[in-house]
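Protein chains in written order, with this note's numbering: chain A, 1 to 728; chain B, 1 to 728.
We treat Cβ as the ideally placed atom computed from N, Cα and C, and that holds for glycine.
2 protein chains.
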Amino acid sequence: MTYLFYLVPAAALVALFFAWIFFRQMMKESEGTPTMKEIAQYVREGAMAYLKQQYKVVIVVFIILAILFAVLAYVFHVQNPWVPFAFLTGGFFSGLAGFVGMKTATYASARTANATMRSLNSGLKIAFRSGAVMGLTVVGLGLLDIAIWWSVLKIFYDPSEAQNLVVITTTMLTFGMGASTQALFARVGGGIYTKAADVGADIVGKVEQDIPEDDPRNPATIADNVGDNVGDVAGMGADLYESYCGSILATMALGASAFFGDGTAVQMRAILAPMVIAAIGVVLSILGIYVVRTKEGANLQDLLGSLSRGTNLAAILIAVLAFGVFYMLGFPNWWQLALSVVSGLVSGVIIGKITEYYTSYSYKPTQKLAESSQTGSATVIINGVGLGMRSTAVPVVTIAVAIILAYGFATGFHFGVSTLSMGLYGISIAAVGMLSTLGITLATDAYGPIADNAGGNAQMSELDPSVRKKTDILDSLGNTTAATGKGFAIGSAALTALALLASYIEELKIGFGHLAAKGGEMASEYLRLAHGSITDIVEHYDITLMNPMVLVGVFVGSMMAFLFCGLTMNAVGRAASKMVVEVRRQFREIAGILEGKQRPDYTSCVRISTKAAQHEMIFPSLLAIIVPMLVGILLGPAGVIGLLAGGLGAGFVLAIFLANSGGAWDNAKKYVEEGNFGGKNSPAHHATVVGDTVGDPFKDTSGPSLNILIKLMSMVSIVMAGLTVMLH
Amino acid sequence: MTYLFYLVPAAALVALFFAWIFFRQMMKESEGTPTMKEIAQYVREGAMAYLKQQYKVVIVVFIILAILFAVLAYVFHVQNPWVPFAFLTGGFFSGLAGFVGMKTATYASARTANATMRSLNSGLKIAFRSGAVMGLTVVGLGLLDIAIWWSVLKIFYDPSEAQNLVVITTTMLTFGMGASTQALFARVGGGIYTKAADVGADIVGKVEQDIPEDDPRNPATIADNVGDNVGDVAGMGADLYESYCGSILATMALGASAFFGDGTAVQMRAILAPMVIAAIGVVLSILGIYVVRTKEGANLQDLLGSLSRGTNLAAILIAVLAFGVFYMLGFPNWWQLALSVVSGLVSGVIIGKITEYYTSYSYKPTQKLAESSQTGSATVIINGVGLGMRSTAVPVVTIAVAIILAYGFATGFHFGVSTLSMGLYGISIAAVGMLSTLGITLATDAYGPIADNAGGNAQMSELDPSVRKKTDILDSLGNTTAATGKGFAIGSAALTALALLASYIEELKIGFGHLAAKGGEMASEYLRLAHGSITDIVEHYDITLMNPMVLVGVFVGSMMAFLFCGLTMNAVGRAASKMVVEVRRQFREIAGILEGKQRPDYTSCVRISTKAAQHEMIFPSLLAIIVPMLVGILLGPAGVIGLLAGGLGAGFVLAIFLANSGGAWDNAKKYVEEGNFGGKNSPAHHATVVGDTVGDPFKDTSGPSLNILIKLMSMVSIVMAGLTVMLH
């Protein structure tokens with residue numbers, strides 16, 4: 001049975017191989033006219049320059065944290081000696097995934113624009129294949145890192161001892177923490193960069209001067225396009241690397257602990273299951289990517305059908321094959337566990353559809369939002385906030401049902417303490433199922449920004465407007481198909497976070513093991529807790545909702561979600577104001593810009609975004625690391641569990657609200673631009689542009705960072721658990 | 001010792017007596033010119049007409065719920081037979097408190113305007129004394145209702161039996177539920193009414209036509225002034241009646257159960273303590289009100305000093321006298337419990353100060369927000385949202401520290417299961433301390449809208465602009481002094497909600513008692529749980545944060561806070577749009593309005609607000625009642641506790657965010673109007689008006705309703721606990 005493990009490195013290499021193939025195919029295409037090349041070069045340089053700056057900051061943080069973990073491991077002996085190294089590789093691979101994705105995207109945009117001149121279909125092919133490079137790189141690097149660490153740690157910790165399997169898998173969670181840390185910086189930094197540029201460009205360009213998006217006369221336009229790459233591409237890559245690895249690692253850790261006492265063979269299959277499902281998902285993703293192949297002369301409906309066919313096929317097949325995987329691994333409740341996976345997948349699809357319903361202008365909510373623009377920007381903002389808040393209802397109920405079903409199937413619908421581990425394993429494996437086909441769902445997500453950038457390039461290179469129109473079609477196609485992928489990402493984050501709560505308890509037990517090893521009069525009590533059940537720990541620390549420490553933790557956790565969003569939101573606001581001042585200055589001081597006779601100074605705008613992002617990302621990101629540490633030290637495990645539960649509850653709902661308000665505002669603006677309520681440059685249009693601008697940091701900076709925040713706080717707590725146990 | 005109880009009805013009557021005195025004093029003043037009288041009459045009629053409509057809806061809801069409770073009590077025998085009646089009186093008195101306050105306010109506004117013509121000080125006196133009418137009515141009616149029910153139930157349940165004291169106090173909680181239900185409808189309905197009118201008036205009047213606030217040419221101006229009364233006055237009155245009674249009732253219930261087994265004498269003193277503290281608070285409030293007495297010719301600083309002196313004196317004296325109360329009642333840990341009260345009071349003051357820091361334009365945050373208006377309305381909105389979210393940090397940390405201290409003092413800093421009841425009692429009594437001087441803190445809060453309305457009357461009656469300026473000064477004075485009162489209201493809501501969690505567990509135990517009484521094979525187990533500890537129930541239902549039902553509840557609870565706000569926000573947006581359309585129509589179709597030659601049609605605007613409020617308040621309010629019922633039926637007590645904790649965490653933080661964003665936008669606008677960044681009618685001013693308009697439903701509709709929502713969900717759960725136990 002354990003030979004199935006070899007599927008994992010194999011799948012990793014296959015994914016990376018195909019990523020390389022697709023990259024090569026894309027690079028063979030022409031970048032088009034000299035202007036197109038020049039603009040692509042500008043954007044590429046700006047993006048690389050920013051990423052270097054970002055990595056400089058992140059490296060310092062990683063070094064400090066690695067030293068801290070080394071002290072915990074080697075001086076206080078309350079942490080595993082491998083932790084600092086695992087942490088560093090997670091950060092490295094997560095950053096690499098974002099880097100490769102961004103590099104590909106910056107090469108692909110001009111090529112996509114150029115191909116689109118030939119046909120819509122050619123454009124789709126290049127953009128989508130470039131997105132696939134990112135998708136496959138993320139899953140390839142993720143599985144590679146997992147395979148390597150699993151193989152290495154198995155050498156040092158004999159896997160035929162049950163406790164060692166727990167130690168191996170919880171140690172591997174630290175590489176998840178590295179990935180989450182990197183991802184948070186990438187999302188926050190990239191998000192601030194891109195939205196400062198976007199908001200600044202829109203306020204002066206669209207609202208004040210009535211010039212179109214991506215107009216080469218706008219000094220902030222290059223910064224805006226750079227931003228799409230560092231935020232939407234590099235940030236998303238690091239983010240989903242974190243989600244992907246996080247779900248697998250959390251399930252492995254849960255597998256090792258849930259079946260502790262049932263023999264190492266049973267533990268082993270529970271550890272293997274998430275890895276094997278992910279490996280099969282890679283193959284299905286590649287299959288799906290090849291299904292996205294349209295005939296020349298395909299119409300819009302064909303393209304949309306082709307894209308959906310790819311992701312749907314992969315999702316349906318993973319649901320079916322999950323039955324086989326659990327059966328082959330010898331789970332007695334194989335089909336029930338597979339049904340847990342199905343619950344997860346279905347909930348992801350529903351969340352995606354609901355997101356689409358609330359944010360697409362084909363449906364009433366966004367149409368009504370657009371309608372309210374006739375009474376000015378204030379009503380657009382009020383109604384958009386209301387829409388986003390209301391839109392949280394169905395996703396939350398869906399995920400609640402999914403949690404109950406995933407738990408229920410795994411345990412034969414026996415709820416209670418005795419089935420807790422098995423139930424949580426069912427929840428966790430459902431998250432793995434949702435993310436297993438990330439190779440293709442990320443491709444459909446990442447190709448949107450590539451198409452968007454291609455449009456930017458076309459506009460700035462002053463190509464025929466028909467090219468821009470076609471890239472816009474590609475972009476909006478992507479938005480529709482990406483909904484499912486986003487549903488999976490949001491849903492799996494909630495489920496993974498639940499699993500991490502259980503991992504935290506396991507890590508507390510390991511902490512008691514460290515304490516017991518030091519001897520002393522309490523050693524036997526520590527040993528009892530180290531080998532006890534989840535319930536023993538829950539009782540020891542009184543982790544019930546009646547404990548005021550837990551409730552204080554819930555308050556602080558809820559607050560963290562808001563504080564973090566407030567800080568990032570203000571960062572965008574401040575940076576955008578600077579950008580507006582600079583763009584206005586250029587229009588005022590540099591003669592001939594608006595007439596197109598004089599090139600604006602793009603680099604000064606790039607510099608403003610770079611500097612703002614680099615400075616402003618530090619405080620909120622560090623907060624996400626320091627607060628769980630402090631809560632652990634001051635309030636103990638009860639406070640930490642409260643913190644994580646409160647952060648998860650409020651953060652999950654807040655993330656949906658911010659994403660959907662932002663999405664609806666964006667599309668309400670597009671709906672007006674289509675000619676409704678007065679069309680472009682009408683008062684209604686101006687009102688919706690304000691809405692869209694407000695929504696920018698909602699949906700692209702603060703909102704998407706929350707998913708990472710929730711998991712990073714859990715990961716930090718897990719890594720610090722040893723110290724927390726020592727102090728409490 | 002029990003003779004101390006007689007302080008309670010005595011204090012109630014004293015409060016009502018002084019309220020009557022102040023009302024008479026105010027009524028003696030002249031309402032001014034015939035125009036002033038006419039306008040005051042318009043507003044009064046509109047307000048009364050609306051309140052009648054609101055009561056019509058609310059009465060239906062109350063009848064349905066009372067029937068439901070009667071069925072639970074008389075058919076299923078899972079609830080106390082007094083419940084339906086207690087529920088109805090709570091609703092009645094809460095509504096009455098709002099009604100009296102509003103009646104007073106509508107009589108006071110013209111009189112305040114008229115008195116302000118004489119001097120600032122005369123205006124302050126009338127407005128403040130009218131606010132005191134409301135403050136004293138709320139506490140008087142509250143204590144009266146408590147005294148009556150305590151006296152009645154003591155006749156039917158022999159208080160010398162320990163269990164009966166638990167039954168009496170938990171039954172009395174249902175009248176809290178009546179008060180909360182009434183308060184929610186009043187806040188939501190009133191909030192929608194006032195903000196629909198305000199937003200509509202501002203968008204067309206200020207943004208589109210550049211006419212000032214409360215200009216008689218604006219067709220929505222009467223509706224706006226009516227709104228101030230039904231929202232800010234009647235809504236606030238019902239709201240604080242609910243908070244005041246809720247904190248006392250929750251502490252009484254906790255007192256009865258926390259000291260169960262220590263003898264009825266010990267229970268009795270724990271039940272009496274909150275009532276006695278509240279009774280003393282009434283006397284201190286009246287004392288404080290008389291301290292607010294300024295010499296003629298007082299300057300601004302004197303007025304501010306005088307107001308603060310009143311509230312500070314009352315707060316300091318209650319802190320000091322708390323030591324005496326606990327000592328006289330014979331608590332062995334008397335000074336520690338008093339320190340719990342002090343922790344609560346200090347935390348309230350800190351929250352108030354922080355609120356002031358983030359929302360007053362004397363400080364940097366709001367000044368910076370105003371500054372960002374130079375780059376347009378989008379940056380104002382983004383930065384305002386960011387400001388509000390960031391502003392949650394210190395209040396949450398403050399309340400967290402207060403919870404730990406209040407618990408810690410009460411238990412000698414022994415945390416754990418064994419001290420839980422005592423600790424929660426400490427938390428709960430701290431909330432009572434914060435609200436005990438509500439008589440005066442509410443006066444400083446309620447006098448703001450009265451001054452505001454006086455200004456409206458002055459403007460519409462076309463009095464000398466100097467009158468409006470003076471009422472504006474009074475209004476902004478009120479905003480500053482009201483901060484402490486608001487801090488107390490927010491902080492006490494969080495603490496009371498914690499206490500209600502414990503009451504829920506008690507009610508579950510009573511539910512097991514009902515089940516045991518029915519006999520059957522499980523009867524002995526039910527009996528064990530009915531007489532067990534909190535921990536027994538927690539174990540029975542596995543109310544730990546590892547239980548997925550609890551976590552599902554946390555998700556749903558967090559979502560409820562957002563969904564509720566989304567619904568109310570959209571209600572305001574929709575109604576405001578209708579208002580804008582109507583006001584625009586009048587300007588367009590009725591010639592001579594803008595030149596002041598023709599009176600606009602005020603009543604059509606009043607009708608729009610009335611209708612919108614009446615319809616739109618129903619769904620969100622019912623949701624707050626139905627969801628906890630459903631969660632109890634579907635997920636059982638574990639889900640309910642999760643729901644309440646999630647709702648409390650997310651709701652508390654969301655409420656602070658919405659209140660502070662709204663407050664900061666309001667004052668940023670005022671800061672610009674003072675002549676900064678271009679002053680009135682500059683682009684910066686227009687941008688801040690958009691911010692202010694967006695903030696209206698944030699701070700006056702959705703935000704303030706959340707505090708009630710949190711507690712109402714707890715109250716509903718408590719009342720439904722019997723059924724929940726039967727089903728699970």
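Quiz prompt | Neighbour list for residue 387/A in chain B, Cβ cutoff strictly below 8 Å | solution = On the first sequence, position 387 is the one that residue 387/A refers to. The contacting residues are 566 and 570.
Quiz item: For residue 496/A, which three-state DSSP category applies?
Solution: For this step, residue 496/A is matched to residue 496 along the first sequence. Residue 496/A falls in the helix class under three-state DSSP.
Practice problem: Could you please give me the residues that DSSP links to residue 544/B through a beta bridge? | Solution: By one-based count along the second sequence, residue 544/B stands at place 544. DSSP, once it has assigned bridges, lists 544/A as partnering residue 544/B.
Self-check item: Length of the line joining the Cα atoms of residue 180/A and residue 566/A
Solution: Here the question's residue 180/A lines up with position 180 in the first sequence. Here the question's residue 566/A lines up with position 566 in the first sequence. Computed Cα separation, rounded: 20 Å.
Quiz item: Are residue 345/B and residue 427/B close, meaning C-beta to C-beta below 7 Å?
Solution: To locate residue 345/B, count along the second sequence from 1; it is residue 345. To locate residue 427/B, count along the second sequence from 1; it is residue 427. No.
Exercise. Return yes when the Cβ of residue 485/B is within less than 7 Å of the Cβ of residue 445/B, no when it is not.
Key: By one-based count along the second sequence, residue 445/B stands at place 445. By one-based count along the second sequence, residue 485/B stands at place 485. Cβ atoms of residue 445/B and residue 485/B: closer than 7 Å.
Practice problem: For residue 692/B, name the three-state secondary structure that DSSP assigns. | Solution: Start at 1 with the first residue of the second sequence, and residue 692/B comes out as number 692. Residue state, collapsed to three classes: helix.
Quiz item: Does the Cβ-Cβ distance between residue 664/A and residue 477/A come in under 7 Å?
Solution: Numbered from its first residue, the first sequence carries residue 664/A at position 664. Numbered from its first residue, the first sequence carries residue 477/A at position 477. Contact: no.
Exercise. Kindly indicate if chain A contains any beta-carbon less than 7 Å away from that of residue 657/B.
Key: By one-based count along the second sequence, residue 657/B stands at place 657. Closer than 7 Å: yes.
Exercise. State the DSSP-derived secondary structure class of residue 82/B, mapped to helix, strand or coil.
Key: Within the second sequence, residue 82/B is the residue found at index 82, counting from 1. Correct three-state label for residue 82/B: coil.
Self-check item: Straight-line Cα distance separating residue 548/B from residue 542/A
Solution: Here residue 542/A refers to the residue found at position 542 of the first sequence. Here residue 548/B refers to the residue found at position 548 of the second sequence. Rounded to whole angstroms, residue 542/A to residue 548/B spans 17 Å at the Cα level.
Quiz prompt | Whole alpha helix (DSSP H) elements within the stretch 339-426 of chain B, 4-residue minimum | solution = 364-371, 377-390 and 393-411
Practice problem: Evaluate contact between the stretch 552-564 of chain A and the stretch 696-713 of chain A, counting only Cβ atoms and requiring at least three cross-stretch pairs below 8 Å. | Solution: yes
Quiz item: Taking Cβ positions, are residue 318/A and residue 281/A nearer each other than 7 Å?
Solution: For the purposes of this step, residue 318/A is identified with residue 318 of the first sequence, where counting begins at 1. For the purposes of this step, residue 281/A is identified with residue 281 of the first sequence, where counting begins at 1. Going by C-beta atoms, residue 318/A is nearer than 7 Å to residue 281/A.
Quiz item: Relative to the C-alpha of residue 667/B, which residue among 97/B, 122/B and 363/B is closest?
Solution: Against the second sequence, residue 667/B aligns to sequence position 667. Among 97/B, 122/B and 363/B, the Cα nearest to that of residue 667/B is on 363/B.
Quiz item: So, is the C-beta of residue 542/B closer than 7 Å to a C-beta in chain A?
Solution: Within the second sequence, numbered from 1, the residue matching residue 542/B stands at position 542. Chain A contact via Cβ: present.
Quiz prompt | Same chain only: Cβ atoms within 7 Å of residue 455/A, ignoring 5 sequence neighbours per side | solution = By one-based count along the first sequence, residue 455/A stands at place 455. 214, 468, 471, 472 and 475, listed in sequence order.
Quiz item: Hey, residue 605/B and residue 223/B: beta-carbon distance below 7 Å or not?
Solution: Walking along the second sequence from the start, residue 605/B turns up at place 605. Walking along the second sequence from the start, residue 223/B turns up at place 223. Yes. Within cutoff.
Practice problem: Pull up the CB-CB distance for residue 260/B and residue 338/B, whole angstroms please, since I reckon it's below 8 Å. | Solution: Here residue 260/B corresponds to residue number 260 of the second sequence, with the count starting at 1. Here residue 338/B corresponds to residue number 338 of the second sequence, with the count starting at 1. About 23 Å separates the two Cβ atoms, so there is no contact after all.
Practice problem: Check distances from the C-beta atoms of the stretch 691-720 of chain B to those of chain A and list, in chain order, the residues that come in under 7 Å. | Solution: 693, 694 and 697
Quiz prompt | Local conformation of residue 461/B per DSSP, three classes | solution = Looking up residue 461/B in the second sequence gives position 461. The answer is coil: DSSP assigns residue 461/B none of H, G, I, E or B.
Quiz item: Quick one: what does DSSP say residue 433/A is sitting in, helix, strand or coil?
Solution: The count along the first sequence starts at 1 and reaches residue 433/A at position 433. Residue state, collapsed to three classes: helix.
Quiz prompt | Any C-beta of chain B under 7 Å from that of residue 431/A | solution = Position 431 of the first sequence, counting from 1, holds the residue named residue 431/A. Residue 431/A does not count as touching chain B.
Quiz item: Residues of chain B with a CB under 9 Å from the CB of residue 465/A: which are they?
Solution: Residue numbering aside, residue 465/A sits at position 465 when the first sequence is read from its first letter. Going along chain B, no residue has its Cβ under 9 Å from residue 465/A, so there is no contact; the nearest lies around 27 Å.
Quiz prompt | residue 171/B, DSSP secondary structure in three states | solution = As a first step, residue 171/B must be located in the second sequence, where it is residue number 171. Note: residue 171/B maps to helix in three-state DSSP.
Quiz item: Are residue 131/A and residue 489/A touching if we call contact CB-CB under 7 Å?
Solution: Here residue 131/A is taken as the residue at index 131 of the first sequence, counted from 1. Here residue 489/A is taken as the residue at index 489 of the first sequence, counted from 1. No. Outside cutoff.
Quiz item: Among 29/B, 322/B, 350/B and 519/B, which one has its Cα closest to the Cα of residue 433/B?
Solution: Numbered from 1 along the second sequence, position 433 holds the residue referred to as residue 433/B. The shortest Cα separation from residue 433/B among 29/B, 322/B, 350/B and 519/B belongs to 322/B.
Quiz item: For residue 241/B, which of helix, strand or coil comes out of DSSP?
Solution: As a working mapping, residue 241/B is identified with position 241 in the second sequence. In the structure shown, residue 241/B sits in a helix (DSSP, three-state: H, G or I).
Exercise. Would you mind telling me which residues of chain B sit closer than 9 Å to residue 8/A, beta carbon to beta carbon, in chain order?
Key: Here residue 8/A corresponds to residue number 8 of the first sequence, with the count starting at 1. Under the 9 Å cutoff, chain B gives no residues; its nearest Cβ is about 29 Å from residue 8/A.
Exercise. Could you tell me whether the Cβ of residue 562/B comes closer than 7 Å to any Cβ of chain C?
Key: No chain C appears in this structure, whose protein chains are A and B.
Quiz item: residue 36/B by DSSP, collapsed to three states: which one?
Solution: Mapped onto the second sequence, residue 36/B falls at position 36. Reduced to three states, the DSSP call for residue 36/B is helix.
Quiz prompt | Reference residue 555/A; option with closest CA among 497/A, 635/A and 617/A | solution = The count along the first sequence starts at 1 and reaches residue 555/A at position 555. Of the listed residues, the one whose Cα sits closest to residue 555/A is 635/A.
Quiz item: Grouping DSSP H, G and I as helix and E and B as strand, with all else coil, what is residue 672/B?
Solution: As a position in the second sequence, residue 672/B is number 672, starting the count at 1. DSSP places residue 672/B in helix when its eight states are reduced to three.
Quiz item: If you draw a straight line from the C-alpha of residue 82/B to the C-alpha of residue 172/B, how long is it?
Solution: Reading the second sequence from its first residue, position 82 is the one you call residue 82/B. Reading the second sequence from its first residue, position 172 is the one you call residue 172/B. Looking at the two C-alpha atoms, the distance is approximately 9 Å.
Exercise. Might you give, ordered along the chain, the residues of its own chain that have their beta carbon closer than 6 Å to the beta carbon of residue 728/A, omitting 5 neighbours on each side?
Key: The count along the first sequence starts at 1 and reaches residue 728/A at position 728. 636.
Quiz item: Hey, residue 34/A and residue 600/A: beta-carbon distance below 7 Å or not?
Solution: Numbered from 1 along the first sequence, position 34 holds the residue referred to as residue 34/A. Numbered from 1 along the first sequence, position 600 holds the residue referred to as residue 600/A. Contact flag unset, no.
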